[in-house]
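For the sequence shown, our numbering assigns the number 481 to the initial residue and increments by one for each residue that follows. Even for Gly, the Cβ is constructed at its ideal location relative to N, Cα and C. Values in this document were obtained by computation on a predicted structure and should not be read as measured data.
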Amino acid sequence: TQRWDWLDHSFLLTHVKEEYVGLRITKSLFADNKGKYERVSDGDMRKRLKGNVVSRENGDTFIDNIPMVDQGPKGYCAPATFERAMRHAGVAADMYLLATLATTGGGGTNTRKLYNEVAFTTRSKGSRTARELQLRSLSPSKIKKYIDKGVPLLWQMCSLPTYNMVANKRTMERRKVRDWPAYATKIAGEAESNLPNLQAKGNYHICMIIGYNAATNEVAVSDSWGKRYTIRWVHVDEAEAVSNKSGYVIDL
481 TQRWDWLDHS FLLTHVKEEY VGLRITKSLF ADNKGKYERV SDGDMRKRLK
531 GNVVSRENGD TFIDNIPMVD QGPKGYCAPA TFERAMRHAG VAADMYLLAT
581 LATTGGGGTN TRKLYNEVAF TTRSKGSRTA RELQLRSLSP SKIKKYIDKG
631 VPLLWQMCSL PTYNMVANKR TMERRKVRDW PAYATKIAGE AESNLPNLQA
681 KGNYHICMII GYNAATNEVA VSDSWGKRYT IRWVHVDEAE AVSNKSGYVI
731 DL
């Protein structure tokens with residue numbers, strides 16, 4: 481990494497041959513401190529995270545203002561999702577650096593290696609804790625303890641074509657719903673019909689679970705594909721059908 485200073489800003493140029501070129505503009509104080517922000521107390525961070533939780537009259541509860549990172553054409557879903565979670569927790573991160581640290585010999589991302597790097601970085605730079613989770617159930621009653629305090633779940637799943645079609649369609653439909661009990665009954669039937677087409681294993685992906693609605697039995701999901709994918713909704717049964725039943729969380 482090369483550095484140039486101008487006034488109270490630093491320009492940091494990073495180059496990895498045949499992989500990426502990155503330019504970051506930051507406060508010189510941040511650069512002088514080797515990328516460490518002034519630590520935010522746990523109490524202040526809890527207030528900040530909880531302040532991003534939105535609750536609506538229809539029962540939707542979700543986390544707003546999570547930084548969006550577009551994983552781009554290289555398929556960096558894991559590094560992009562970890563970057564989003566780290567920045568949300570107040571820890572500086574860059575998906576390209578994370579991807580470089582966790583790249584396998586064949587060019588893919590070693591999720592275990594990535595998690596170990598993230599766990600070290602969140603602990604050393606922000607005193608946050610990265611943990612692995614077993615996600616055997618995605619029901620609102622199981623995930624609300626994280627969502628209600630503003631902590632998203634990093635979810636390992638299979639991003640199947642049918643799943644994405646359902647997520648897109650359902651999210652559009654929700655904008656016009658007026659009778660939520662009728663909607664809940666309708667999507668429960670649709671979910672049952674969709675399950676046979678959600679059993680394949682493939683299209684492995686990591687995204688975020690950022691919300692729930694206990695009344696409609698839905699979860700809110702956010703993917704690292706740009707603004708359009710900030711939040712989408714699927715029925716719990718559909719989510720559990722494509723789940724790999726594991727994930728991560730960056731908590732206090």
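* Roughly how many angstroms lie between the CA atoms of Val549 and Met575, to the nearest whole one? -> 8 Å
* Own chain partners of Thr561 with C-beta closer than 7 Å, once the 5 adjacent residues on each side are dropped -> Cβ within range, chain order: Leu634, Ile686, Cys687, Met688, Ser704.
* To do: Pick out whichever of Val716, Met652, Ile546 has its Cα sitting closest to the Cα of Ser621.
  => Val716
* At which residues does the beta strand (DSSP E) containing Glu537 begin and terminate? -> No beta strand (DSSP E) holds Glu537; DSSP gives it neither H nor E.
* Candidates His495, Asn596, Glu653, Ala719: closest to Tyr643 by CA position -> Ala719
* Alpha carbon to alpha carbon, how far is Arg712 from Met645? Give it in angstroms, no decimals. => 11 Å
* Specify the secondary structure class of Gly502 as computed by DSSP and reduced to three states. => Strand, per DSSP.
* Are three or more beta carbon pairs between the region 677 to 686 and the region 623 to 638 nearer than 8 Å? -> Of all C-beta pairs linking the region 677 to 686 to the region 623 to 638, three or more are shorter than 8 Å, placing the two stretches in contact.
* Apart from the five residues just before and just after Tyr626, which ones in its own chain have a Cβ nearer than 8 Å to its Cβ? -> Pro632, Leu633, Val729, Asp731
* **Start-end ranges of the beta strand (DSSP E) lying completely within the region 523 to 576, minimum 3 residues** => Runs of the beta strand (DSSP E) inside the region 523 to 576: 533 to 535, 541 to 543.
* Asked: In its own chain, which residues sit with a C-beta less than 7 Å from the C-beta of Thr651, not counting the 5 before and 5 after it?
  -> The residues are Arg712, Trp713.
* Asked: Taking only runs of the beta strand (DSSP E) that begin and end inside the region 632 to 687, which ones reach a length of at least 3 residues, in chain order?
  -> 633 to 638
* Asked: What residue range is occupied by the uninterrupted alpha helix (DSSP H) comprising Val520?
  -> Note, Val520: premise wrong, no alpha helix (DSSP H); not H, not E.
* To do: Buried or exposed for Thr591, please, with buried defined as at least 16 other CB atoms from any protein chain shown within 10 angstroms of its CB.
  => buried
* Cβ shell of Leu678 (< 7 Å), same chain only, five flanking positions each side left out -> Leu640, Thr642, Tyr643, Glu718, Ala721, Val722
* To do: On a CA-only basis, which of Gly727, Ser508, Val657, Val701 is nearest Asp544? Give me that one, please.
  => Val701
* With distances taken from CA atoms, which of Ile623, Gly555, Arg611, Met566 is nearest Gly706? -> Cα-wise, what sits closest to Gly706 is Gly555.
* Just the C-alpha distance for Glu612 and Leu492, rounded to the nearest angstrom, thanks. => When rounded, the distance between both Cα atoms is 32 Å.
* Within this structure, are the beta carbons of His568 and Pro553 separated by less than 9 Å? -> no
* What's the C-alpha gap between Tyr663 and Lys725? -> When rounded, the distance between both Cα atoms is 27 Å.
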